[in-house]
Amino acid sequence: MTGNANPVMLTAMAIHQLSETIINQIAAGEVIERPASVVKELVENALDAGARRIDVATVGGGLNLIRVTDDGGGIAREDLHLAISRHCTSKLSDDINDIRSLGFRGEALPSIGSVSRMTIRSRTEMADAGYEISVDGGRVQAARPAAANRGTLVEVHDLFFATPARLKFMKGERAETTAINDVVKRVAIAFPNVHFTVSGPDRGALEMVGTSDPMQRIAQVLGKEFAENALAVDAQREGVRLHGHVSIPSFSRANALQQFAYVNGRPVRDKLIASAIRGAYADTLARDRHPVVVLFLQLDPADVDVNVHPAKADVRFRDPGLVRGLIIGAIREALAQAGIRPATGAGTSLAGAFRPGTGGFRGEEFNNGGFDADRSIHRPLEMSGGFGESAQARFDSAPAVSADSRAGSVAPAPDLLAHPLGAARAQVHANYIVAQTENSLIIVDQHAAHERLVYEALKNAMHARSLPSQMLLLPEIVDLPSDDVERLASHAQTLEKFGLRLERFGPGAIAVRETPAMLGEVDVQSLLRDLADEIADNDTVEALKERLDRIASTMACHGSVRSGRLLKPEEMNALLRQMEATPGSGTCNHGRPTYIELKLTDIERLFGRR
Ligand code: ADP
Ligand code: MG
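According to this note's numbering, the sequence shown is numbered sequentially starting from 4.
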């Protein structure tokens, strides 16, 4: 029948219509990827039916059994057969541009029924009894009466028994139960009023009690630390509204799994939104850190296309630039308004007395210094304080002597005391610079501070002119996948502005001839790999400036003074002066403060003197 036995057979095969079951199984290939997809579709159906309570139970990671029970409107007896027929839906009439429900394709139930043994039992408000219908690998059994409460129960046994190839790809019970939890949590955030439970012998139970307070639901899903470290976002532009919460930069994660985005109440995984979030934090977070966010976009259904993929998690906006601008603008605004705060930690009263640097030296505490941050905003690093291209070299040449023992014993120069960050007095634990102003004590994290300074300097310098580079004695040849070689080679000119001179060296390698002097000794190989990733991640969507900023950030990470470097007093003071001259230097690229300030009055309070 297939002709495989004879590969050169040229006889034309008759074209025939596929059976309904095969058609549904083909559709299932896209809609139902794994047990979590079944849960997602069934929970969405329950929500579309107006349920207030949804109970999910699973056995064997959902492969043996998934049961979803709801108290929604139910399905009338005469509709049961339609519910499991392809392209039958109660949600979409004529207008594909006006989708207001989670479902609309009319293909989830028939798809699931074609690859499992499924039973749907339901009862509507008006009906005097419940009814059930079963589908077994696509074979439908007629509806029959069954005892039921109002609402719907869908049971899916032996998922993928009819498609063994798919079954082979399942990852194991633990991974599937986790994925199921994630799906339920994701949708639960958009429906705080609904009570959700997930239970079964294959898992610990999950319960989210219905609440009228959206923030409480968010805390149920993300933990209450998020609420404590989140900023509210609410903005509107040309009929698109964005609201929700975003974490302060210091409350970040190693991956983007904790980012929840919704478009008109539908959970989506959208590249444009993800990239806009990254853009909004580009200045305050390292490339490999991700904020935690819960963001809702609301717009006219006609302005967004959700009919992109059967799983309905992809969307296309009619005006992507508007959405991107709105997200970046609103988040940056929220961050700026709040100042950048450190994460809440073990909240002791002592820690409460310290003021984190807020990046910009604005506010009353520096008024007496007469320091004008705005006037120094575009001051490139190497032009002030001699802390520029030779910064790394200076650190490198610093003798292994701590200022610990010496600086504290001599009275600080009075003119230094007047600076916002004061006079350096000592370096302790090989990373913290202790300085003194006229009325406070300053502690600087030198590693964090230097990383920020390098970043700002790279950013500033690249807009003005090329940065000095340092020639390598021998070009360093770095083997890389050809895609990465391509990416780096096509950005060679940009990278040269930063002082990184490289060229293609055959299809699978790059030759590096010069590196940015500011970075000192760098691990060229890992720098190139990170840069290639950076370009791969963002090449198509990022505006040039943002891309350059992130290249600068990537490089800064590689070039920062490690903690443990011992500094001379002059070097410490140079670092402080440089921080004062650099806007945004109050936080490192990761959003942590680079310095903290303890006012004398606070110190006195700590000692009970006030
Ligand atoms: P869609 O959700 O795209 O309409 P489905 O195949 O998921 O397609 O469901 C088909 C139809 O079955 C729905 O349109 C709805 O009328 C009905 N239905 C499914 N699940 C439920 C439920 N839990 N409660 C009430 N009606 C349901
Ligand atoms: Mg559906």
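Beta carbons are placed, not taken as given, at the ideal position from N, Cα and C, and that holds for glycine.
Simplified DSSP assignment, three categories, for residue i
i	result
V201	strand
R206	coil
Q20	coil
A421	coil
D51	helix
K602	strand
T585	coil
R37	coil
V271	strand
A401	Model confidence at A401 stands at a pLDDT of 37, short of 50, so the residue's coordinates are unreliable; what they give is reported in the following sentence. Three-state DSSP puts A401 in coil, outside helix and strand.
Y458	helix
A341	helix
I474	The residue you asked about is not Ile; residue 474 is Met in the sequence shown. DSSP places M474 in strand when its eight states are reduced to three.
D552	helix
R1	Look at the range of the chain in this structure, 4 to 613, and you will see that residue 1 is not part of it.
L156	strand
T14	coil
A438	strand
P596	strand
A146	strand
L503	coil
A161	Checking the sequence shown, residue 161 turns out to be Asp, not Ala. Reduced to three states, the DSSP call for D161 is coil.
Alpha carbon of residue i to alpha carbon of residue j, nearest angstrom
i	j	result
A452	M575	11 Å
E179	I554	37 Å
F552	A279	Checking the sequence shown, residue 552 turns out to be Asp, not Phe. If you take the alpha carbons of D552 and A279, they lie about 15 Å apart.
K227	A168	42 Å
V297	R189	10 Å
M521	V197	55 Å
A111	D216	31 Å
H19	A52	38 Å
V527	L461	17 Å
E336	Y598	23 Å
V118	S202	23 Å
M582	V457	11 Å
A222	R455	32 Å
G175	G63	9 Å
G511	D482	6 Å
K571	R327	46 Å
H450	G589	13 Å
I87	V295	38 Å
A130	T122	19 Å
S96	A191	27 Å
V186	E158	18 Å
H248	N232	9 Å
A15	I25	22 Å
E36	I115	10 Å
R290	L105	33 Å
L21	L225	46 Å
P270	G207	24 Å
V488	I538	11 Å
L609	I436	21 Å
R292	F254	9 Å
T155	D74	7 Å
V236	R281	16 Å
Rounded distance between the beta-carbons of residue j and residue i, thought under 8 Å
i	j	result
T181	P195	Incorrect: roughly 22 Å between the Cβ atoms, too far for contact.
I57	V71	7 Å
V59	T287	Rounded, the Cβ-Cβ distance is 38 Å, inconsistent with contact.
T557	L534	6 Å
L503	P519	6 Å
A145	G133	Not confirmed; about 15 Å, so no contact.
A277	A305	At roughly 24 Å, the Cβ-Cβ gap does not stay under 8 Å, so A277 and A305 are not in contact.
P38	G77	Actually they do not touch by this definition, with Cβ atoms about 24 Å apart.
A238	A333	4 Å
A433	L579	Not quite, the Cβ-Cβ distance comes to about 17 Å (not below 8 Å), so this is no contact.
Minimum Cβ-Cβ distance from residue i to chain B less than 7 Å
i	result
D58	In summary, chain B is missing from the structure at hand, where a single protein chain is found.
Exercise. Mind listing, in chain order, the residues whose beta carbon lies closer than 5 Å to a non-hydrogen atom of ligand 2?
Worked result: N48, G106, A111
For this session: Let me know the beta strand (DSSP E) ranges lying completely inside the stretch 105-138, each 3 residues or longer, listed in chain order.
Result: 120-126
For this session: Quick one: which unbroken beta strand (DSSP E) runs of 3-plus residues sit fully inside the stretch 506-538? Chain order, please.
Result: 512-519
For this session: Within the stretch 48-102, note down every full alpha helix (DSSP H) run reaching 4 residues or more, in order along the chain.
Result: 80-86
For this session: Run through the stretch 287-337 for me and flag every whole beta strand (DSSP E) of 3 or more residues, listed as ranges in chain order.
Result: 296-301
For this session: Write down every uninterrupted run of the alpha helix (DSSP H) in the stretch 195-265 whose length is 4 residues or greater and which is fully enclosed by it, in chain order.
Result: 217-225, 227-231
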